[in-house]
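K.L.:
Numbering (the working numbering), first residue to last: 9 to 231.
1. Can you tell me which of 227, 225, 30 and 155 puts its alpha carbon nearest to the alpha carbon of residue 138?
2. Would you say residue 79 and residue 144 are within 8 Å of each other, going by their C-beta atoms?
3. Closer than 8 Å is the cut-off here; do at least three beta carbon pairs connect the stretch 42-56 with the stretch 111-126?
4. For my contact list, residue 159 and residue 68 are in at a C-beta cut-off of 8 Å; report their separation, rounded to the angstrom.
5. How close, in whole Å, do the beta carbons of residue 66 and residue 188 come, if the pair is a contact with beta carbons under 8 Å?
6. Can you tell me whether residue 34 is buried or exposed, with buried defined as 16 or more other CB within 10 angstroms of its CB?
7. Given residue 169, which residues of its chain have a CB within under 6 Å of its CB, disregarding the five upstream and five downstream residues?
8. Just curious, the alpha helix (DSSP H) that residue 96 is in, first and last residue?
9. Can you name, in chain order, every residue of its own chain whose Cβ lies under 7 Å from the Cβ of residue 76, other than the five neighbours on each side?
10. Output the distance between the C-alpha atoms of residue 95 and residue 219, rounded to the nearest integer angstrom.
11. At what residue ranges does the stretch 24-96 contain a whole run of the alpha helix (DSSP H), taking only runs of 4 or more?
12. Taking buried to mean at least 16 other C-beta atoms within 10 Å of its own C-beta, is residue 165 buried or exposed?
13. Mark residue 135 as exposed unless 16 or more other C-beta atoms lie within 10 angstroms of its C-beta, in which case mark it buried.
14. Locate the alpha helix (DSSP H) running through residue 112, then write down its first and last residues.
15. So what's residue 164 in DSSP terms, helix, strand or just coil?
16. Out of 72, 30 and 214, state which residue places its alpha-carbon closest to the alpha-carbon of residue 49.
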């Protein structure tokens, strides 16, 4: 790839992972609202640990594995359909399922501003990381860069949700983004060479927070 192609890929990643890209990620908290409600998180330090665990062995790690897999099979419609089915089957709650499907579908609709045949190969309901991985690969974007951008967007959304929940301030949020950078980089590199056998989560409290949020009486977020 030449420098012009690299810049074009970077600009597309910046657009696709921007908070302004119309996928509706701002309305989800990835279970954080339930965790705060139940007293599992009460300060920025605990939030930082929570985010890093999600990157290394939780929902964000699984998303990174799916994104990498989609980037490798983006030219195979059957494989993409099977990946989406697996991603949806592994969603641990109704809210987690709706989050990945609704964000994925919204991403596909908005990303069609960059026309490509890959959209014809994606299923009607596409899991978010599968959609991002397939579209990024179709545009010849380096998978490590795509995974890193996706994870950074996920962490940024969690931090934004935490700020709105009163768990952290803006300065705390920026500090968390900075402190997770090396973790995020390592995960992106590791995920590139991962296989579906590497899927798995050991963040039981985070997964449970998704479930408990479904019956929470007063809510700001959809998850």
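Ideal placement from N, C-alpha and C gives every residue a C-beta, glycine not left out.
P.N.:
Well, looking at it:
1. The shortest Cα separation from residue 138 among 227, 225, 30 and 155 belongs to 155.
2. Residue 79 places its beta carbon less than 8 Å from that of residue 144.
3. With the cut-off at 8 Å, the stretch 42-56 and the stretch 111-126 do not touch.
4. Confirmed, Cβ separation roughly 6 Å.
5. 13 Å between Cβ atoms; not a contact.
6. Counting other Cβ atoms within 10 Å of its Cβ, residue 34 stays below 16 and is therefore classed as exposed.
7. Setting aside the 5 residues that flank it on each side, residue 169 is surrounded in the same chain by 37 and 40, each with a C-beta closer than 6 Å to its C-beta; the list follows chain order.
8. Residue 96 -> alpha helix (DSSP H) spans 85-97.
9. Here the set comprises 141, 151, 155, 199, 200 and 202.
10. Near 17 Å, if we compare the C-alpha coordinates of residue 219 and residue 95.
11. With a minimum length of 4 residues, the continuous alpha helix (DSSP H) runs that stay inside the stretch 24-96 are 40-45, 52-65 and 67-80.
12. Label assigned to residue 165: buried.
13. Around the Cβ of residue 135, a 10 Å sphere holds 16 or more other Cβ atoms; the residue is buried.
14. Run containing residue 112: 102-119, per the alpha helix (DSSP H) assignment.
15. Under the three-state reduction of DSSP output, residue 164 falls in the helix class.
16. Cα-wise, what sits closest to residue 49 is 214.
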